[in-house]
Amino acid sequence: MAVQAEPVLVAGLIEVCRATIAANTDHLCALDRAIGDGDHGTNMRRGCEAVSAEGESLSSLPFPDAVEKIGLTLVMNVGGAAGPLYGTLLMEIGRELRKSNERADFPQVLKQAIDAVARRGRAHAGDKTLLDVLYPVHAALASRSPLGAIARRAERSANRTADMKAMRGRAAYLGDRSIGHVDPGASSCALLTTAICRYLGEHRPQ
Amino acid sequence: MNGKTANVGIVIVSHSPLVARGIADMVRQMVGDCVPLAWSGGNVHGELGTDAGGILKAIEAAWSDAGVAVFVDLGGAETNSEMAIEMLGLPRSGLVSICNAPLVEGAVIAAAEASGGASLAKVVATAEELSP
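Protein sequence lines, in the order shown, are assigned to chains A and Y.
Quick note on UniProt numbering: the first sequence kicks off at 1 and runs consecutively.
Quick note on UniProt numbering: the second sequence kicks off at 1 and runs consecutively.
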């Protein structure tokens, strides 16, 4: 998969992500109220609005720089644990893309970035976090699944976190009582993946 | 901080601005002002949460060439503190340690230790002895 992007694509992706989080803010807060502190939706919305406010200047940057800057903006505005986690993901993707000079193998770049998120959160697959969506999304991407299939895999993976016991994050304080609830971070991750896949499907037919 | 002290600095990070400020106030009253001290509490809007940018500013404010010990409450505070330390960049990031210690007791005992001119390693070790 080639990793080049024109400004309009960056602006479009920023907008679909912002709109998706805005439309699901209450839903994400409700998921977080069940096993966390109830602010994941508003935190993510604040971060996406901050990115959106910088949209124009971000769109004029080279793609890797734009991605890294979006990550930093998320770190500075989302707060909570989600800020550094999503921020690390994007900052790593940006750095790796820059290093590889646009000849990047995107699944490999994504894998390195996901591993950085795992290190940042000291979490593993199965701990009931956004990693439980990111790893399956990477697997689908690496096996060259179509965009629609990647999105469905993300949604299924998020729903599967309901059966898991939280080992990291605020929900871990609940122990067994975290079982039965979908993880809010996994859910926002699946929502964003789906939005990105749909947008790319419409604007970048494979 | 002001060049008069080579003592290790202390930073308090809490989800609550009131908790962070209250502990900083307590440390100040108990230990005095020979230890560089700063706090960061709440998210960018001052609501419950933590903010990597705010933590970075607090580390800068409590900066000492002897190093800075950071005390955190719940999960996101630690993750955001790690992020802030990375943003500080080398070589200074190598002189900042997050302590695995109770927030109130850890900060007070670390500040007491720091006020005597102890090294960062000694300050951190003394605070971490309080961990169960």
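Even for Gly, the Cβ is constructed at its ideal location relative to N, Cα and C.
Only a predicted model underlies this, so the values are computations on that prediction, with no experimental measurement involved.
Point to revise | Contact the stretch 91-101 of chain A vs the stretch 54-68 of chain Y: 3+ CB pairs below 8 angstroms | key: no
Practice item. Step through the CB atoms of chain A and report whether any lies within less than 9 angstroms of the CB of Y:N100. Key: no
Review point. Residues in the stretch 84-110 of chain A with C-beta within 8 angstroms of chain Y's C-beta atoms, listed in sequence order?
Key: P84, L85, G87 and T88
Review point. So Y:K9 is in the beta strand (DSSP E); what residue range does that whole segment cover?
Key: The sequence shown places Gly at residue 9 of chain Y, not Lys. Counting along the chain, the beta strand (DSSP E) containing Y:G9 begins and ends at G9 to S14.
Check your understanding: Distance, Cα to Cα, A:M167 vs A:Y173?
Key -> 8 angstroms
Check your understanding: Near Y:L18, what residues of its chain come up, given a Cβ to Cβ distance below 8 angstroms and the 5 sequence neighbours on each side ignored?
Key -> G41
Practice item. Mind listing, in chain order, the continuous alpha helix (DSSP H) runs of no fewer than 4 residues lying wholly within the stretch 51-119 of chain Y? Key: 52-61, 75-88 and 103-115
Exercise for review: Taking only beta-carbon positions, decide if Y:L74 is within less than 9 angstroms of chain A.
Suggested key: yes
Review point. Taking DSSP as the reference, what is the three-state secondary structure of A:A166?
Key: DSSP places A:A166 outside both helix and strand once states are collapsed to three, so it counts as coil.
**Study point:** Residues that Y:L37 bridges to, as DSSP identifies them
**Key:** Y:L37 is bridged to Y:I10.
Point to revise | Length at least 4, wholly inside the stretch 78-156 of chain A: the alpha helix (DSSP H) runs in chain order | key: 82-100, 106-121 and 131-142
Point to revise | Rounded C-alpha distance that separates Y:A107 from A:G169 | key: Using only the alpha carbons, I get a separation of about 23 angstroms.
Practice item. State yes or no: is the beta carbon of A:R168 nearer than 9 angstroms to at least one beta carbon in chain Y? Key: yes
Point to revise | Which of helix, strand or coil DSSP assigns to Y:N43 | key: coil
Review point. Does the Cβ of Y:N7 have 16 or more other Cβ atoms within 10 Å, making it buried, or fewer, making it exposed?
Key: buried
Check your understanding: Using the C-alpha atoms, what's the distance from A:S60 back to A:I114?
Key -> 26 angstroms
Exercise for review: Tell me whether the beta-carbon of Y:C99 lies closer than 9 angstroms to the beta-carbon of Y:F71.
Suggested key: yes
Check your understanding: What's the C-alpha gap between A:R132 and Y:A121?
Key -> It is worth fixing the name first, because residue 132 of chain A is Asp in this sequence and not Arg. Each residue's CA atom was taken as its position, placing A:D132 and Y:A121 some 37 angstroms apart.
Practice item. Kindly list, in the order they appear in chain Y, the residues whose Cβ is closer than 7 angstroms to that of A:R160. Key: Those within 7 angstroms of A:R160 in chain Y number zero; the least Cβ separation is about 22 angstroms.
Check your understanding: Got a sec: is the Cβ-Cβ distance from Y:L18 to anything in chain A below 9 angstroms?
Key -> no
Practice item. Look at the Cβ atom of Y:A52, then the Cβ atom of Y:I12, and state whether they are nearer than 9 angstroms. Key: Taking 9 angstroms as the Cβ cut-off, Y:A52 and Y:I12 do not qualify as a contacting pair.
Point to revise | Separation of Y:A61 from Y:G3, as counted between CA atoms | key: Below a pLDDT of 50, predicted positions are generally treated as unreliable, and Y:G3, at 47, falls in that range; the measurement from the model is reported next regardless. Roughly 13 angstroms between the two C-alpha positions.
Point to revise | Which listed residue (A:G80, A:P146, A:A82 and A:T73) has its alpha carbon closest to that of Y:M87 | key: Ranking the options by Cα distance to Y:M87, first place goes to A:T73.
Practice item. Determine the direct distance from the alpha carbon of A:D65 to that of A:K99, and round the result to whole angstroms. Key: 11 angstroms
Practice item. Could you tell me which chain A residues have their CB closer than 9 angstroms to the CB of Y:T50, listed as they occur along the chain? Key: G79, G80, A81 and G83
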